[in-house]
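Heads up: the structure comes next, in structure tokens.
Number of protein chains: 2
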Amino acid sequence: MSNIFNNIPSDIPNEIFEDIINTKKLRIERIVSKGQSSPETGWYDQEENEWVIVLSGFGVIEFSNGNKISLKQGDYLNITAHEKHKVIATSTDEPTVWLAIFY
Amino acid sequence: MSNIFNNIPSDIPNEIFEDIINTKKLRIERIVSKGQSSPETGWYDQEENEWVIVLSGFGVIEFSNGNKISLKQGDYLNITAHEKHKVIATSTDEPTVWLAIFY
Numbered sequence: 001m002s003n004i005f006n007n008i009p010s011d012i013p014n015e016i017f018e019d020i021i022n023t024k025k026l027r028i029e030r031i032v033s034k035g036q037s038s039p040e041t042g043w044y045d046q047e048e049n050e051w052v053i054v055l056s057g058f059g060v061i062e063f064s065n066g067n068k069i070s071l072k073q074g075d076y077l078n079i080t081a082h083e084k085h086k087v088i089a090t091s092t093d094e095p096t097v098w099l100a101i102f103y
Numbered sequence: 001m002s003n004i005f006n007n008i009p010s011d012i013p014n015e016i017f018e019d020i021i022n023t024k025k026l027r028i029e030r031i032v033s034k035g036q037s038s039p040e041t042g043w044y045d046q047e048e049n050e051w052v053i054v055l056s057g058f059g060v061i062e063f064s065n066g067n068k069i070s071l072k073q074g075d076y077l078n079i080t081a082h083e084k085h086k087v088i089a090t091s092t093d094e095p096t097v098w099l100a101i102f103y
């Protein structure tokens, strides 16, 4: 057993991406952000669908159609493959823990 | 966008199982318990692997080898297919929200 809030460093100069499960069928990833936006330039344009939930902190996702969605604790979203998006803001006060399921 | 903690009734006479995503490759399910154990008799003996995380409350899972694992907020566990298990306790004070990924 592990805890999703464990092993979060006090300094987070760069976003942290960690696989929890990685099989052919799906990948479960923990992402920890603190003030970062990503990717640095352009958009995420992914081969896989992504279901993502914010477990602490908050983040704002922008889509290429201009929609901006702010996610706080417990908010979740399904991003279909090739739906271009980026993270334009995350909390600077506390770590934002995202759980992302790629499938 | 939805929130995993929304639409939790104040009375939970039976556990609530709801699909969030259901495709051929995976199923994401929210389970809400309040004091229940499950299944009523016997064990869960599943065809699929299950990755499960507790998002509020707590629950205790027993395995057929006698191991008992207590999960509180943020604790997660991978249960492989056909690993017999059951939930022997959940919080009676507050709803326990489980997020389960079957793959």
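Chain order of the listed sequences is A and B. For the first sequence, position 52 (counting from the first letter as 1) is numbered 52 according to this note's numbering, and the numbering increases by one without interruption. For the second sequence, position 62 (counting from the first letter as 1) is numbered 62 according to this note's numbering, and the numbering increases by one without interruption. For every residue, glycine included, the Cβ atom is placed at its ideal position computed from N, Cα and C.
State buried or exposed for residue i, treating a residue as buried only when at least 16 other CB atoms are found within 10 Å of its CB.
{"i": "histidine 85 of chain A", "result": "buried"}
{"i": "isoleucine 53 of chain B", "result": "buried"}
{"i": "glutamate 40 of chain A", "result": "exposed"}
{"i": "glycine 57 of chain B", "result": "buried"}
{"i": "threonine 75 of chain A", "result": "In the sequence on display, residue 75 of chain A carries aspartate and not threonine. Aspartate 75 of chain A is buried by the Cβ-count criterion."}
{"i": "glycine 59 of chain B", "result": "buried"}
{"i": "tryptophan 51 of chain B", "result": "buried"}
{"i": "asparagine 49 of chain B", "result": "buried"}
{"i": "phenylalanine 102 of chain B", "result": "buried"}
{"i": "threonine 96 of chain B", "result": "buried"}
Return the first residue and the last residue of the beta strand (DSSP E) that residue i is part of.
{"i": "threonine 90 of chain A", "result": "85-90"}
{"i": "isoleucine 61 of chain B", "result": "59-63"}
{"i": "phenylalanine 102 of chain B", "result": "96-102"}
{"i": "lysine 68 of chain A", "result": "68-71"}
{"i": "isoleucine 79 of chain A", "result": "75-79"}
Between residue i and residue j, how many whole angstroms is the CB-CB distance? I'm expecting something under 8 angstroms.
{"i": "isoleucine 28 of chain B", "j": "isoleucine 21 of chain B", "result": "4 angstroms"}
{"i": "leucine 26 of chain A", "j": "lysine 25 of chain B", "result": "7 angstroms"}
{"i": "serine 37 of chain A", "j": "isoleucine 88 of chain A", "result": "5 angstroms"}
{"i": "serine 2 of chain B", "j": "threonine 90 of chain B", "result": "Contact flag wrong, Cβ pair sits at about 23 angstroms."}
{"i": "leucine 71 of chain A", "j": "isoleucine 79 of chain A", "result": "The pair is not a contact, with the Cβ atoms about 11 angstroms apart (cut-off 8 angstroms)."}
{"i": "tryptophan 43 of chain B", "j": "serine 10 of chain B", "result": "Their Cβ separation, rounded to whole angstroms, is 31 angstroms, which puts tryptophan 43 of chain B and serine 10 of chain B out of contact at 8 angstroms."}
Would the beta-carbon of residue i be found less than 7 angstroms away from any heavy atom of the ligand COA?
{"i": "glycine 59 of chain A", "result": "No copy of the ligand COA appears in this structure; indeed no ligand is present at all."}
TODO: Closer than 9 angstroms, Cβ to Cβ, to anything on chain A: give me those residues from the region 66-88 of chain B, in chain order.
DONE: Taking 9 angstroms as the Cβ-Cβ cut-off against chain A, the residues of the region 66-88 of chain B that qualify are Ile69, Ser70, Leu71, Lys72, Gln73, Gly74, Asp75, Tyr76, Leu77, Asn78.
Open item on the list: In chain order, what are the residue ranges of uninterrupted beta strand (DSSP E) at least 3 long that sit wholly in the region 21-55 of chain B?
Closed with: You should have 27-33.
Task: Members of the region 13-40 of chain B that neighbour chain A once the beta carbon cut-off is set at 8 angstroms - done: Shown in chain order are the members of the region 13-40 of chain B whose Cβ falls below 8 angstroms from a Cβ of chain A: Ile20, Ile21, Thr23, Lys25, Leu26, Ile28.
TODO: Give, in chain order, every residue of the region 51-65 of chain A whose Cβ lies closer than 8 angstroms to some Cβ of chain B.
DONE: Of all residues in the region 51-65 of chain A, Trp51, Ile53, Leu55 have a Cβ within less than 8 angstroms of some Cβ in chain B.
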